[in-house]
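Working notes, beginning with the structure itself.
There are 2 protein chains.
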Amino acid sequence: MAPSPTQRILILGGGFAGMFAARELSRSLGKGAEIELINEVNFFTFQPLLPEVAAGSISVRDAVAPLRRLLPGVRVRQAQIHDIDTARKVVIIFQGLQRRYTEVPYDHLVLALGQVSDLSRVPGLAAHALTMKTLSDALTLRNHVIDKLEHADITALPEVKKELLTFTVIGGGFSGVETAGEMLELIHKSLVFYPNIDKREINVQVVEFADRLLGELPASLAAYATKQLQKRGARVLLNTGITEATGTAMVTTSGEVIGTRTIVATIGNAPSPLIRGLGLPNDRGRLRVDRRLRIEGHENIWSLGDAAQIPLVENARDRADFAPPTAQFAVREARTLARNLKAALHGLELAPFVYRSKGALASLGGHRGVAEVYGLRFAGLPAWLLWRAYYLGFLPGFATKVRVGMQWLLDSMVGRSTVQTGIRQGPGTRYLRYRAGDRVFEEGNRADGFYAVLEGAFELRYRNDDGTEALHHIAPGGHFGDRVLFGNGLRTGTVRALEDSLVLMIGAEDFRRLHEAMPPVREYFERRRAGPAQEESAA
Amino acid sequence: MAPSPTQRILILGGGFAGMFAARELSRSLGKGAEIELINEVNFFTFQPLLPEVAAGSISVRDAVAPLRRLLPGVRVRQAQIHDIDTARKVVIIFQGLQRRYTEVPYDHLVLALGQVSDLSRVPGLAAHALTMKTLSDALTLRNHVIDKLEHADITALPEVKKELLTFTVIGGGFSGVETAGEMLELIHKSLVFYPNIDKREINVQVVEFADRLLGELPASLAAYATKQLQKRGARVLLNTGITEATGTAMVTTSGEVIGTRTIVATIGNAPSPLIRGLGLPNDRGRLRVDRRLRIEGHENIWSLGDAAQIPLVENARDRADFAPPTAQFAVREARTLARNLKAALHGLELAPFVYRSKGALASLGGHRGVAEVYGLRFAGLPAWLLWRAYYLGFLPGFATKVRVGMQWLLDSMVGRSTVQTGIRQGPGTRYLRYRAGDRVFEEGNRADGFYAVLEGAFELRYRNDDGTEALHHIAPGGHFGDRVLFGNGLRTGTVRALEDSLVLMIGAEDFRRLHEAMPPVREYFERRRAGPAQEESAA
Numbered sequence: 015m016a017p018s019p020t021q022r023i024l025i026l027g028g029g030f031a032g033m034f035a036a037r038e039l040s041r042s043l044g045k046g047a048e049i050e051l052i053n054e055v056n057f058f059t060f061q062p063l064l065p066e067v068a069a070g071s072i073s074v075r076d077a078v079a080p081l082r083r084l085l086p087g088v089r090v091r092q093a094q095i096h097d098i099d100t101a102r103k104v105v106i107i108f109q110g111l112q113r114r115y116t117e118v119p120y121d122h123l124v125l126a127l128g129q130v131s132d133l134s135r136v137p138g139l140a141a142h143a144l145t146m147k148t149l150s151d152a153l154t155l156r157n158h159v160i161d162k163l164e165h166a167d168i169t170a171l172p173e174v175k176k177e178l179l180t181f182t183v184i185g186g187g188f189s190g191v192e193t194a195g196e197m198l199e200l201i202h203k204s205l206v207f208y209p210n211i212d213k214r215e216i217n218v219q220v221v222e223f224a225d226r227l228l229g230e231l232p233a234s235l236a237a238y239a240t241k242q243l244q245k246r247g248a249r250v251l252l253n254t255g256i257t258e259a260t261g262t263a264m265v266t267t268s269g270e271v272i273g274t275r276t277i278v279a280t281i282g283n284a285p286s287p288l289i290r291g292l293g294l295p296n297d298r299g300r301l302r303v304d305r306r307l308r309i310e311g312h313e314n315i316w317s318l319g320d321a322a323q324i325p326l327v328e329n330a331r332d333r334a335d336f337a338p339p340t341a342q343f344a345v346r347e348a349r350t351l352a353r354n355l356k357a358a359l360h361g362l363e364l365a366p367f368v369y370r371s372k373g374a375l376a377s378l379g380g381h382r383g384v385a386e387v388y389g390l391r392f393a394g395l396p397a398w399l400l401w402r403a404y405y406l407g408f409l410p411g412f413a414t415k416v417r418v419g420m421q422w423l424l425d426s427m428v429g430r431s432t433v434q435t436g437i438r439q440g441p442g443t444r445y446l447r448y449r450a451g452d453r454v455f456e457e458g459n460r461a462d463g464f465y466a467v468l469e470g471a472f473e474l475r476y477r478n479d480d481g482t483e484a485l486h487h488i489a490p491g492g493h494f495g496d497r498v499l500f501g502n503g504l505r506t507g508t509v510r511a512l513e514d515s516l517v518l519m520i521g522a523e524d525f526r527r528l529h530e531a532m533p534p535v536r537e538y539f540e541r542r543r544a545g546p547a548q549e550e551s552a553a
Numbered sequence: 015m016a017p018s019p020t021q022r023i024l025i026l027g028g029g030f031a032g033m034f035a036a037r038e039l040s041r042s043l044g045k046g047a048e049i050e051l052i053n054e055v056n057f058f059t060f061q062p063l064l065p066e067v068a069a070g071s072i073s074v075r076d077a078v079a080p081l082r083r084l085l086p087g088v089r090v091r092q093a094q095i096h097d098i099d100t101a102r103k104v105v106i107i108f109q110g111l112q113r114r115y116t117e118v119p120y121d122h123l124v125l126a127l128g129q130v131s132d133l134s135r136v137p138g139l140a141a142h143a144l145t146m147k148t149l150s151d152a153l154t155l156r157n158h159v160i161d162k163l164e165h166a167d168i169t170a171l172p173e174v175k176k177e178l179l180t181f182t183v184i185g186g187g188f189s190g191v192e193t194a195g196e197m198l199e200l201i202h203k204s205l206v207f208y209p210n211i212d213k214r215e216i217n218v219q220v221v222e223f224a225d226r227l228l229g230e231l232p233a234s235l236a237a238y239a240t241k242q243l244q245k246r247g248a249r250v251l252l253n254t255g256i257t258e259a260t261g262t263a264m265v266t267t268s269g270e271v272i273g274t275r276t277i278v279a280t281i282g283n284a285p286s287p288l289i290r291g292l293g294l295p296n297d298r299g300r301l302r303v304d305r306r307l308r309i310e311g312h313e314n315i316w317s318l319g320d321a322a323q324i325p326l327v328e329n330a331r332d333r334a335d336f337a338p339p340t341a342q343f344a345v346r347e348a349r350t351l352a353r354n355l356k357a358a359l360h361g362l363e364l365a366p367f368v369y370r371s372k373g374a375l376a377s378l379g380g381h382r383g384v385a386e387v388y389g390l391r392f393a394g395l396p397a398w399l400l401w402r403a404y405y406l407g408f409l410p411g412f413a414t415k416v417r418v419g420m421q422w423l424l425d426s427m428v429g430r431s432t433v434q435t436g437i438r439q440g441p442g443t444r445y446l447r448y449r450a451g452d453r454v455f456e457e458g459n460r461a462d463g464f465y466a467v468l469e470g471a472f473e474l475r476y477r478n479d480d481g482t483e484a485l486h487h488i489a490p491g492g493h494f495g496d497r498v499l500f501g502n503g504l505r506t507g508t509v510r511a512l513e514d515s516l517v518l519m520i521g522a523e524d525f526r527r528l529h530e531a532m533p534p535v536r537e538y539f540e541r542r543r544a545g546p547a548q549e550e551s552a553a
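Here the protein sequences line up with chains C and S, keeping their order. So for the first sequence, the working numbering puts the first residue at 15; every next one is plus one. So for the second sequence, the working numbering puts the first residue at 15; every next one is plus one.
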């Protein structure tokens with residue numbers, strides 16, 4: 015029996031799992047069903063290439079491809095997913111300028127929402143670490159690194175320079191190792207433009223909690239990767255975790271305080287909050303599906319990719335019994351899912367997901383890589399070329415293949431650009447963490463923000479009109495930096511953290527606007543100015 | 015006599031004028047002087063190509079080149095310029111995370127700060143119009159246009175769709191015409207991916223106050239350009255200005271209200287505020303220099319490019335007697351400046367700036383252009399090819415030439431990407447303008463921000479617990495949308511503007527953080543909730 019043509023298949027998520035699932039489904043079902051994919055951005059991100067984007071060895075748009083181009087015959091909707099009502103079989107989204115409430119009905123739902131990074135477990139990490147999950151992340155890291163080089167080239171303070179030139183990657187998995195390798199590339203290729211920076215001043219460090227890098231690869235290859243990174247000047251810290259992060263330093267589990275103004279966290283993968291809220295069976299947020307990729311107890315809800323906990327054997331128990339969260343597996347899962355969903359529409363029998371990894375590859379940058387394919391091990395240039403060939407073949411869309419191929423060629427020919435190519439982030443508000451003793455700003459700095467204290471305590475020193483020095487203690491609920499509201503925009507006092515502390519920083523321009531637009535805020539500060547305390551004019 | 019080797023030449027600004035001035039100076043002076051250039055970003059932006067970046071026909075980094083690469087032998091400093099003390103011969107800058115106050119001394123100062131865009135004269139324009147001056151501008155426009163196509167493809171509201179598909183360019187000069195042409199390209203090449211948008215629904219319009227486009231070119235070529243744009247579906251509104259702009263519409267001098275959610279303003283060039291504050295002789299902010307490019311009455315301060323008012327003849331009077339603000343002239347001015355500054359160092363005589371325009375070119379997109387070179391006129395494909403050849407030759411840096419050439423080739427081969435490649439702007443605060451009757455949001459929308467009223471008046475309608483409808487009037491000093499603080503994040507009321515109004519919108523996340531971190535704000539809203547008024551729970 016043929017499926018009713020009105021069958022609606024709705025796929026949530028446009029990563030490897032969702033995009034390839036949509037692709038396989040529209041190929042196998044053709045006009046037999048209505049297929050729609052909803053994603054927050056209108057493009058597919060080729061995550062394995064993000065470190066290269068950050069390093070500038072391929073250009074932004076070549077690590078991504080428009081979902082609409084990759085998915086002819088599939089309806090693509092760019093929207094924010096708010097909730098799923100499995101009883102009424104609708105997904106609730108918001109779209110457009112006005113964030114209009116919209117319901118999208120489905121007959122079959124495919125959950126491919128992947129994972130998000132959750133850095134909340136380490137104090138200060140969420141506030142100060144960069145991540146490597148999205149295109150924006152890659153661009154932000156690139157701009158951040160170049161910004162540090164620019165500053166290191168002109169600063170007169172050796173202590174600051176050391177912090178600026180220390181680049182930290184948390185996590186020694188594929189993403190961490192490739193990020194470190196590409197950062198080395200970017201920095202070394204850029205140094206020629208920064209006459210005041212000596213190569214030996216650069217410190218790129220990889221911090222890994224396990225006793226070796228690349229747990230997914232054989233120890234011999236991991237050892238090779240470690241040696242390669244070290245040979246190129248990187249520092250590899252094993253058996254080491256991070257316990258705290260600030261804008262200028264990190265603290266390791268061994269209690270070491272390392273000055274660094276760049277922290278890239280490739281750890282802390284967590285299920286998307288949406289999934290958690292659904293009340294579907296899950297293990298620590300990963301959706302529990304059977305080997306046919308169907309959610310336990312739901313005939314019409316499927317899941318695959320990093321969002322799903324996929325057993326590779328019956329009554330799977332330990333980690334090795336489940337599919338690893340890799341692109342390689344996601345693509346195979348997509349095929350099984352398409353086959354099974356079609357079978358379900360036709361009332362046929364479903365087949366379990368069966369796949370054995372063909373191997374793993376990692377690029378170390380600098381034309382070096384490590385690979386294990388069909389049990390064979392490669393290291394160095396061959397592995398690196400293999401890596402490039404593999405991913406070039408993997409890249410969706412001919413245009414993108416051509417572009418990336420050319421970019422790689424060009425890169426080896428004409429060197430790379432140290433231009434900062436992102437849109438600078440708007441100011442808004444930011445949480446900032448400080449360790450006891452850290453200086454927030456000092457007299458004479460430009461007043462670039464207002465600070466509200468959430469945790470800890472700060473000390474504000476300033477000179478009274480009569481020249482005597484005054485000291486002011488600021489506790490949670492208090493604030494400093496209202497100097498942004500008046501004067502010549504220069505700090506008149508110096509602020510240090512007395513304890514480990516957390517503040518909310520509001521950009522100067524935003525704070526001025528708020529002060530102008532919100533009477534309660536304005537009146538509050540007028541009362542303060544009128545009052546006896548005079549520290550309001552300081553800082 | 016040789017100049018003392020310690021002579022410090024400081025150039026402010028890294029556009030065509032500043033970059034080429036630094037280049038010519040380091041060539042002619044070599045080690046004879048210390049040359050430093052200070053700019054807010056570390057790259058040179060090739061402005062004529064920005065419309066192509068926005069259209070995606072060349073990639074971001076190919077319209078820019080690192081200043082350090084372009085200027086070997088010149089010290090490049092990325093910093094924000096705060097002030098200039100001509101008496102003490104120092105420039106005051108802020109650099110680094112802490113915005114440290116730094117003084118940079120000079121013997122000779124070259125002011126090449128160009129112009130900024132000032133849209134403050136038209137209500138709502140600064141808040142709602144995009145500009146075309148920087149790389150960020152180009153990326154923002156690109157993302158904005160694609161965002162509108164995405165939304166138009168899925169919206170069910172014809173009125174909204176019409177606004178979404180109306181793209182407005184204010185100003186019919188080179189920048190305006192090229193932006194309109196490239197937008198047409200981007201949109202038309204993208205439509206294949208948006209099945210629900212018909213080409214005839216697209217409305218790109220150019221609004222020009224004069225009675226024709228491209229005032230810098232002969233009327234015949236302007237007429238050709240107009241016809242070309244019209245043939246490709248653009249609307250050209252001549253003798254028309256704009257009197258008001260909102261997020262969904264614009265009002266013309268003829269009183270016509272045109273629904274549009276995209277406004278690109280290529281008008282409103284104004285001198286940089288820094289220049290205004292210097293107290294140097296200027297005409298409406300443009301620095302008055304003599305024909306030798308020296309500021310009147312200052313032996314050691316020079317200026318060129320858009321920032322300067324450069325006479326082409328003795329006692330120049332009308333517009334034609336002064337150098338036009340074009341890249342072509344800036345590059346020539348740079349040569350004269352270098353020659354004269356060197357002469358000044360050697361106590362030799364200075365020569366006046368003499369240059370005659372060799373012509374002008376404009377690209378119309380779609381492989382069409384207009385050009386007048388050495389009095390000869392070209393239109394269509396030849397002019398367009400001429401334009402590309404001219405700028406390709408103009409592009410600084412071999413790597414960039416190669417890349418751009420290839421991009422152009424690729425573009426004609428494999429089509430372009432509709433990926434949104436910018437970093438999304440952080441929330442922060444935004445000014446928003448509404449016209450009488452405009453709806454800000456309605457019941458059921460997602461609560462995405464808090465609104466503080468600055469001008470005008472709004473009406474909030476919501477249902478009381480007993481089901482009766484309540485009406486609340488909000489005047490300047492008042493606010494609405496505190497719903498972002500609680501509930502399921504959906505609006506419970508509908509807000510419209512009763513008059514032409516201005517609000518400050520604070521992103522939901524930022525507002526929640528403020529509410530948490532600033533006791534005065536929190537207490538204020540607690541008082542409100544406690545008080546008799548109950549509208550705080552609405553909207």
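We put the beta carbon where it would ideally sit given N, CA and C, even for glycine. Computed from a predicted structure; not experimentally measured.
Next item on the list: Check whether the Cβ of residue 466 of chain S lies closer than 7 angstroms to any Cβ atom in chain C.
Entry: Numbered from its first residue, the second sequence carries residue 466 of chain S at position 452. With 7 angstroms as the cut-off, residue 466 of chain S counts as an interface residue toward chain C.
Item checked: Contact under 7 angstroms by Cβ, residue 164 of chain S with residue 244 of chain C -> For this step, residue 164 of chain S is matched to residue 150 along the second sequence. For this step, residue 244 of chain C is matched to residue 230 along the first sequence. Here residue 164 of chain S is not near residue 244 of chain C, since their CB atoms are 7 angstroms or more apart.
Notebook entry, point to check: Run through DSSP, which three-state label would residue 151 of chain C get?
Noted result: Along the first sequence, read from residue 1 onward, the residue named residue 151 of chain C stands at position 137. Helix, per DSSP.
Checklist line | contact_flag[the stretch 164–178 of chain S, the stretch 301–308 of chain S] where n(CB pairs < 8 angstroms) is 3 or more | finding: Segments in contact, no.
Check: Between the stretch 62–72 of chain S and the stretch 41–54 of chain S, do at least 3 Cβ pairs fall closer than 8 angstroms?
Finding: Taking one beta carbon from each stretch, the stretch 62–72 of chain S and the stretch 41–54 of chain S have fewer than 3 pairs nearer than 8 angstroms; the two do not touch.
Notebook entry, point to check: Are the C-beta atoms of residue 462 of chain C and some chain S residue less than 7 angstroms apart?
Noted result: Taking the first sequence and counting its residues from 1, one reaches residue 462 of chain C at position 448. Yes, because at least one Cβ of chain S sits closer than 7 angstroms to the Cβ of residue 462 of chain C.
Next item on the list: For residue 367 of chain C, return the contacting residues in chain S, with the cut-off set at a CB-CB distance below 7 angstroms.
Entry: Position 353 of the first sequence holds residue 367 of chain C. Those within 7 angstroms of residue 367 of chain C in chain S number zero; the least Cβ separation is about 31 angstroms.
Note to self: Tell me which residues share the same chain as residue 382 of chain S and place their Cβ nearer than 6 angstroms to its Cβ, disregarding the 5 neighbours each side in the sequence.
What the structure shows: Walking along the second sequence from the start, residue 382 of chain S turns up at place 368. Result list for residue 382 of chain S: 242, 394, 398, in chain order.
Next item on the list: Run the CB neighbour count on residue 368 of chain C, radius 10 Å, all protein chains shown included, and call it buried at 16 or more, exposed below.
Entry: Residue numbering aside, residue 368 of chain C sits at position 354 when the first sequence is read from its first letter. Around the beta carbon of residue 368 of chain C, a 10 Å sphere encloses fewer than 16 other beta carbons of the protein chains shown; the residue is thus reported as exposed.
Item checked: residue 219 of chain S in three-state terms, based on DSSP -> Residue 219 of chain S sits at position 205 when you count from the first residue of the second sequence. Looking at residue 219 of chain S - three-state DSSP - the assignment turns out to be strand.
Margin query: Quick check: the Cα distance between residue 299 of chain C and residue 123 of chain C, rounded to an integer number of angstroms?
Written below: If you number the first sequence from 1, residue 299 of chain C lands on position 285. If you number the first sequence from 1, residue 123 of chain C lands on position 109. Straight across, the Cα-Cα distance linking residue 299 of chain C with residue 123 of chain C is about 18 angstroms.
Check: How big is the Cα-Cα spacing for residue 341 of chain S and residue 386 of chain C?
Finding: The sequence position of residue 341 of chain S within the second sequence is 327, counting from 1. The sequence position of residue 386 of chain C within the first sequence is 372, counting from 1. Distance between the alpha carbons of residue 341 of chain S and residue 386 of chain C is about 54 angstroms.
Note to self: Suppose contacts are defined by Cβ-Cβ distances below 7 angstroms. Is residue 466 of chain S in contact with residue 493 of chain S by that definition?
What the structure shows: As a working note, residue 466 of chain S is residue 452 in the second sequence. As a working note, residue 493 of chain S is residue 479 in the second sequence. Judged by beta-carbon spacing, residue 493 of chain S lies within the 7 angstroms limit of residue 466 of chain S, meaning their Cβ atoms are closer than that value.
Next item on the list: Spell out whether any CB of chain S is found under 7 angstroms from the CB atom of residue 532 of chain C.
Entry: On the first sequence, position 518 is the one that residue 532 of chain C refers to. It does: the Cβ of residue 532 of chain C has a partner Cβ on chain S nearer than 7 angstroms.
Margin query: Please list the terminal residues of the continuous beta strand (DSSP E) segment that includes residue 94 of chain S.
Written below: Counting from one through the second sequence, the residue named residue 94 of chain S turns up at place 80. DSSP places residue 94 of chain S inside the beta strand (DSSP E), whose first and last residues are 94–99.
Check: Along the chain, which unbroken stretches of the alpha helix (DSSP H) at least 4 residues long are found entirely within the stretch 309–365 of chain S?
Finding: Within the stretch 309–365 of chain S, the complete alpha helix (DSSP H) runs of at least 4 residues are 341–359.
Item checked: Sequence-distant residues of its chain with Cβ nearer than 7 angstroms to residue 505 of chain C (five each side left out) -> Numbered from 1 along the first sequence, position 491 holds the residue referred to as residue 505 of chain C. So the list reads 455, 456, 457, 458, 459, 461, 497, 553, once near-sequence residues are dropped.
Check: Mind checking residue 447 of chain C: buried by the 16 CB within 10 Å criterion, or exposed?
Finding: By one-based count along the first sequence, residue 447 of chain C stands at place 433. By the 10 Å Cβ count, residue 447 of chain C comes out buried.
Check: Less than 6 angstroms between the CB of residue 248 of chain S and some heavy atom of the ligand ATP, yes or no?
Finding: With respect to the ligand ATP, the structure offers nothing, as it holds no ligand at all.
Item checked: For residue 350 of chain S and residue 365 of chain S, believed in contact at Cβ under 8 angstroms, the rounded distance -> As a first step, residue 365 of chain S is located in the second sequence; it is residue number 351 there, counting from the start. As a first step, residue 350 of chain S is located in the second sequence; it is residue number 336 there, counting from the start. Contact holds; Cβ gap of about 7 angstroms.
Item checked: is_contact[residue 332 of chain S, chain C] using C-beta, thresh 7 angstroms -> As a position in the second sequence, residue 332 of chain S is number 318, starting the count at 1. Closer than 7 angstroms: no.
Notebook entry, point to check: Based on the DSSP output, what are the partners of residue 91 of chain C in its beta bridges?
Noted result: Sequence index remark: in the first sequence, residue 91 of chain C carries index 77 (1-based). DSSP, once it has assigned bridges, lists C:52 as partnering residue 91 of chain C.
Item checked: Per DSSP, cross-strand counterpart(s) of residue 486 of chain C -> Against the first sequence, residue 486 of chain C aligns to sequence position 472. Residue 486 of chain C is bridged to C:474.
Next item on the list: Determine the chain S residues that contact residue 164 of chain C at a beta-carbon separation under 7 angstroms, and present them in chain order.
Entry: Translated into positions along the first sequence, residue 164 of chain C becomes position 150. Neighbourhood of residue 164 of chain C in chain S, by CB distance below 7 angstroms: 56, 92, in chain order.
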